[in-house]
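Notes for the one structure printed next.
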DNA sequence: TGTCCATCCCTTGCGCTTCTAGGCATCTTC
DNA sequence: GAAGATGCCTAGAAGCGCAAGGGATGGACA
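Chains as they are written, first to last, in this note's numbering: chain S, 1 to 115; chain X, 1001 to 1115.
So this is what it looks like as structure tokens:
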């Protein structure tokens, strides 16, 4: 509801995908749905962003994929985290944490108008 | 210290610049220094990112500039926030808040390995 | 049977931002 | 007068997200 449509900053999509896959192996289509649900509609991942990102992460060795059947009886490409991918997730999550703290400090600066 | 060198996600630089200028009119060179100081070295803005961003924000009407003398007696281009820019700052700050909350929800999902 | 919708995969091309790597000028300090 | 800090700028490359396309399958419904 109230789909605010916030474009993702460059680089954050990888983090979100890695996290989604870390919870349990899933296929691409489900990743997008899950991210949207968990974020309450704030994060929306169009397929034109999703699949290139998945291939990117696979090429870099962070993800690996197998074709399996979904619950609905369809063939789908299930991604899972490699050891390297899990490490990358930790690194990126830490970077993200550091970043939002830093930006928090900046946004917390006393404003000229208010206080 | 411990300059971690974290590249900024696309779009966040504008927010940081708008905020820095909102505190008080400053020139470009000082913006970079201020952001780095306040963020304790986490946010580092190379000049090749800074000046194009400033021109971008000026072209969009969010910033206005005047040449003045600095404390050190030099001519420098002081940027200040326009009314439109202040509104933009509020919008972007709110978006940022919404985004980090959403990503927080996602990163808080129970992991497959730990929890 | 035929049609529609949801599920599931993919690619091309554009637009945007960031960074690297330069250049230029002034002022102070040694 | 050489060096470093201050202060501005640009061009080019690289990367990423998105819109807009395409295709295939299965179930529901008329």
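C-beta atoms are modelled at their ideal positions from N, C-alpha and C, and glycine is treated no differently. Nothing here was measured: the structure is a model prediction, and the numbers come from that model.
Take residue i and list the residues in its own chain whose beta-carbon comes closer than 8 Å to its own, dropping the five residues that flank it on each side.
i, result
"residue 1043 of chain X", "1006, 1008, 1016, 1035 and 1036"
"residue 1069 of chain X", "1075 and 1076"
"residue 1058 of chain X", "1064, 1065 and 1079"
Take residue i and list the residues in its own chain whose beta-carbon comes closer than 7 Å to its own, dropping the five residues that flank it on each side.
i, result
"residue 1084 of chain X", "1061 and 1062"
"residue 53 of chain S", "13, 14 and 17"
Would you mind stating whether residue i and residue j have Cβ atoms separated by less than 7 Å?
i, j, result
"residue 89 of chain S", "residue 18 of chain S", "yes"
"residue 1103 of chain X", "residue 38 of chain S", "no"
"residue 1021 of chain X", "residue 1032 of chain X", "no"
"residue 1140 of chain X", "residue 10 of chain S", "With chain X represented from 1001 up to 1115, any question about residue 1140 of chain X goes unanswered, as that position is not in the structure."
Just tell me which of the options has its CA closest to the CA of residue i.
i, options, result
"residue 26 of chain S", "S:67, S:108 and S:93", "S:67"
"residue 1048 of chain X", "X:1013, X:1101 and X:1092", "X:1013"
"residue 1051 of chain X", "X:1095, X:1111, X:1024 and X:1028", "X:1028"
Apart from the five residues just before and just after residue i, which ones in its own chain have a Cβ nearer than 6 Å to its Cβ?
i, result
"residue 92 of chain S", "15"
"residue 1081 of chain X", "1021 and 1022"
"residue 1086 of chain X", "none"
"residue 1110 of chain X", "none"
"residue 1055 of chain X", "none"
"residue 115 of chain S", "Caution is warranted here: a pLDDT of 37 is assigned to residue 115 of chain S, below 50, making its placement in the model unreliable, and the coordinate value is therefore given only provisionally. Closer than 6 Å at the Cβ level, and outside the excluded window around residue 115 of chain S, lies no residue."
Taking beta-carbon pairs under 7 Å, can you tell me which members of the region 1056 to 1089 of chain X lie near chain S? none
Chain-ordered residues of the region 1020 to 1042 of chain X with a beta carbon less than 8 Å from chain S: 1020, 1022, 1023, 1024, 1035, 1038, 1039, 1040 and 1042
Residue ranges of each beta strand (DSSP E) run of no fewer than 3 residues wholly in the region 1017 to 1085 of chain X, ordered along the chain? 1063 to 1069 and 1075 to 1081
Name the residues in the region 88 to 111 of chain S whose C-beta lies less than 8 Å from a C-beta of chain X; which are they? 93, 95, 96, 98, 99, 100, 101, 102, 103, 105, 106, 107, 109, 110 and 111
Tell me which residues of the region 1004 to 1018 of chain X have at least one Cβ-Cβ distance to chain S shorter than 9 Å, keeping chain order. 1004, 1006, 1007, 1008, 1009, 1010, 1011, 1012, 1015 and 1016
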